[in-house]
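Novice: This structure is in structure tokens; I'll ask about it shortly.
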Ligand code: HEM
Ligand code: FES
């Protein structure tokens, strides 16, 4: 009898330990950031010098003249997409002053998430996802929760009918890259063909959606070309997919592992804003982004040659102990939090207002309806960048939601 | 309670009454143009950049290192630059006049 008790206790303890692990996202850059300030990785014979310190990342993100985005399309992405893509993503792969002009065309559009009607509609979509999760026996969070919610939410940002989300959900989580071979372009073609069709549709039948907004826009006294519109739309789809799916999934995994955190927010819902920033810092769903060096220069004590590549490692900068106290802890009410998870300076994320509203809405929904989340099974999604292996999220993670009532 | 006057880039004067929270929150609540407060006040976006009228500088205390570093990369900075989210409303700030940086 006694033994039975004991083993059950141990079992519970082990389960607790596992769940804590789900909510933990270690920092693989720690040592290299302290010792060298940078790391190196090869990528298709076009190596990347990864900048790991907060100060260097911000400085180089700001200095677009020496560290450019407007290189050959695909080259600032790691792994490089130069061999699989010709279309320039806009405004992402453009430098000032042109970048400023392109951004001006879409800036207001991407701020629509801040309006009350948008927040309300987004709230309803989140509500629906949570109800589905609560009524199911178990849910695979990546495919059955985050992907559908991300897709439905994107219809709001593009201002198109909700039914369109079904198409995007059917693409699965790997539309832009094949899971095994990042350089397989056949997957990306699904998206490109789809966007071509959508632009053609909006040309024939202009509406109130983002495609039509771009078709009608005046860019320096002319209309945008179809190729430019495609460049904006591809970016909107690609930039807001894996990042949002990981942010949503990881948030759920975090609250599963830290039930006290949900309780804390239930008592202090006014901290949800800070909690959003803190979780985005901690997860840093976009690990790094490249730049092409335009002139010979020095970085973290090394000579860096013109036409070589560096990357701005947002994920490492966000754990920099010279900026963040207790960087590896989630402090939901962290008051001063100069994170760079949404990038920094000119190219800072256009989708951030949308992403923030989504995470805030999710937390509001959770504290109102969910008592706890239990993880049944999980497989981490590890990224490999040279010497660094980073957990960015989960490949699959099955959970059971317990209702508050 | 404190009365705070925001001068927008269009030259409009908006005098607002604040009780608690930060100057950024006060501005956002009243839709002061040029103050967005994207990060909600955690010092990571600089969309709450203001210039304090010189005579009021002593009232506002000193910038933290993190705020300073953030402002280093902001546009249109001056010795009077502050991030409005880092300034807490109190009676001491009554009468404060500041210019929105953009
Ligand atoms: C939590 C979710 C997200 C994270 C962590 C994230 C992260 C980032 C980062 C770090 C950058 C800067 C890239 C650089 O400097 O080269 C960026 C840019 C961008 N993001 Fe996001 N993003 C997220 C969600 C979204 C969403 C939902 C969209 C749109 C649907 C989006 C669209 C964009 C665009 C268009 C840019 C380029 C802006 C420019 O070049 O001026 N992102 N994002
Ligand atoms: S509101 Fe973001 S820095 Fe002040």
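Residue numbers (my numbering), protein chains in the order written: chain A, 1 to 405; chain B, 1001 to 1102. Don't be surprised by glycine CBs; every beta carbon is placed ideally from N, CA and C.
Ignoring anything shorter than 3 residues or poking outside the segment 264-346 of chain A, list the beta strand (DSSP E) runs there in chain order.
Specialist: List check, beta strand (DSSP E) in window: 289-293, 297-299, 302-304, 309-312.
Novice: Does the distance from the C-beta atom of residue 303 (chain A) to that of residue 296 (chain A) stay below 8 Å?
Specialist: Contact: yes.
Novice: Roughly how many angstroms separate the alpha carbons of residue 377 (chain A) and residue 252 (chain A), rounded to a whole number?
Specialist: Spanning the two alpha carbons is a distance of roughly 14 Å.
Novice: Hey, is residue 271 (chain A) close to ligand 2, as in C-beta under 7 Å from one of its heavy atoms?
Specialist: No, the Cβ of residue 271 (chain A) stays beyond 7 Å of every heavy atom of ligand 2.
Novice: Residue 314 (chain A): beta carbon under 7 Å from a heavy atom of ligand 1?
Specialist: Correct: residue 314 (chain A) has its Cβ closer than 7 Å to ligand 1.
Novice: Decide if residue 152 (chain A) is buried, meaning its Cβ has at least 16 other Cβ atoms within 10 Å, or exposed.
Specialist: It counts as buried.
Novice: Let me know the secondary structure DSSP gives residue 138 (chain A) once reduced to three states.
Specialist: In the structure shown, residue 138 (chain A) sits in coil (DSSP, three-state: anything other than H, G, I, E or B).
Novice: Can you tell me whether residue 203 (chain A) is buried or exposed, with buried defined as 16 or more other CB within 10 angstroms of its CB?
Specialist: Per the 10 Å Cβ criterion, exposed.
Novice: Compare the Cα-Cα distances from residue 158 (chain A) to each of A:212, A:294, A:83 and report the closest residue.
Specialist: Answer by Cα proximity: A:212.
Novice: Please find out if some non-hydrogen atom of ligand 1 comes closer than 7 Å to the beta-carbon of residue 261 (chain A).
Specialist: No, ligand 1 has no heavy atom inside 7 Å of this Cβ.
Novice: Thinking C-alpha only, which one of A:272, A:247, A:283 is nearest residue 25 (chain A)?
Specialist: Checking every option, the nearest Cα to that of residue 25 (chain A) belongs to A:283.
Novice: Short of 6 Å in beta carbon distance, which residues of its chain neighbour residue 165 (chain A), apart from the five on each side in sequence? Order them along the chain.
Specialist: Closer than 6 Å at Cβ, skipping near neighbours: 151, 152, 155.
Novice: Could you check if residue 235 (chain A) is buried or exposed, using at least 16 other CB atoms within 10 Å of its CB as the buried criterion?
Specialist: So residue 235 (chain A) counts as buried.
Novice: To test your reading of the DSSP string, which unbroken alpha helix (DSSP H) runs of 4 or more residues are found completely within the segment 17-54 of chain A?
Specialist: Listed in chain order, the complete alpha helix (DSSP H) runs (minimum 4 residues) inside the segment 17-54 of chain A are 30-35.
Novice: Can you give the Cα-Cα distance for residue 276 (chain A) and residue 264 (chain A), rounded to whole angstroms?
Specialist: Approximately 14 Å between the Cα atoms of the pair.
Novice: Could you tell me the alpha carbon to alpha carbon distance between residue 1015 (chain B) and residue 373 (chain A), rounded to whole angstroms?
Specialist: Rounded to whole angstroms, residue 1015 (chain B) to residue 373 (chain A) spans 47 Å at the Cα level.
Novice: Counting only Cβ pairs nearer than 9 Å, list the residues of chain B close to residue 336 (chain A).
Specialist: Neighbours of residue 336 (chain A) on chain B, chain order: 1042, 1043, 1044, 1064, 1066, 1067, 1086.
Novice: Closer than 6 Å from C-beta to any heavy atom of ligand 2: which residues, in chain order?
Specialist: Any residue whose Cβ sits closer than 6 Å to a heavy atom of ligand 2 makes the list: B:1024, B:1037, B:1038, B:1039, B:1041, B:1043, B:1044, B:1045, B:1046, B:1047, B:1048, B:1083, B:1085.
Novice: With DSSP collapsed to three states, give me the class of residue 400 (chain A).
Specialist: Here residue 400 (chain A) sits in strand by DSSP.
Novice: Need the endpoints of the beta strand (DSSP E) that residue 107 (chain A) sits in, please.
Specialist: Neither: residue 107 (chain A) is in no beta strand (DSSP E) and is coded neither H nor E.
Novice: Looking at the unbroken alpha helix (DSSP H) that takes in residue 155 (chain A), where does it start and where does it end?
Specialist: Residue 155 (chain A) -> alpha helix (DSSP H) spans 147-158.
Novice: Could you tell me how far apart the beta carbons of residue 53 (chain A) and residue 33 (chain A) are, in whole angstroms, since I believe they sit closer than 8 Å?
Specialist: At roughly 6 Å, the Cβ-Cβ gap stays under 8 Å, so residue 53 (chain A) and residue 33 (chain A) are in contact.
Novice: Terminal residues of the continuous beta strand (DSSP E) containing residue 1003 (chain B)?
Specialist: First-last of the beta strand (DSSP E) with residue 1003 (chain B): 1002-1007.
Novice: Beta-carbon within less than 6 Å of residue 361 (chain A)'s beta-carbon, same chain only, minus the 5 sequence neighbours each way: which residues are those?
Specialist: Excluding residues within five positions, the ones whose Cβ falls inside 6 Å are 122, 123, 126.
Novice: Taking the runs of the alpha helix (DSSP H) that are 4 residues or longer, which of them lie wholly in the segment 1011-1077 of chain B?
Specialist: Segments of the alpha helix (DSSP H) lying fully in the segment 1011-1077 of chain B: 1023-1029, 1065-1072.
Novice: Quick one: measure Cβ to Cβ for residue 78 (chain A) and residue 311 (chain A), integer angstroms, because I've assumed they're closer than 8 Å.
Specialist: Sure, about 6 Å apart at Cβ, within 8 Å.
Novice: Quick one: is the Cβ of residue 91 (chain A) within less than 7 Å of any heavy atom of ligand 1?
Specialist: Under cutoff, so the answer is yes.
Novice: Any beta carbon of chain B sitting closer than 8 Å to that of residue 62 (chain A)?
Specialist: Judged by the 8 Å Cβ criterion, residue 62 (chain A) is in contact with chain B.
Novice: From this set, A:219, A:299, A:308, A:254, which residue's C-alpha is nearest residue 375 (chain A)'s C-alpha?
Specialist: Ranking A:219, A:299, A:308, A:254 by Cα distance to residue 375 (chain A) puts A:254 first.
Novice: How many Å lie between residue 46 (chain A) and residue 290 (chain A) at the Cα?
Specialist: In a straight line, the C-alpha of residue 46 (chain A) is about 11 Å away from that of residue 290 (chain A).
Novice: For my contact list, residue 1034 (chain B) and residue 1005 (chain B) are in at a C-beta cut-off of 8 Å; report their separation, rounded to the angstrom.
Specialist: Actually they are not in contact, since the Cβ atoms of residue 1034 (chain B) and residue 1005 (chain B) sit about 14 Å apart, beyond 8 Å.
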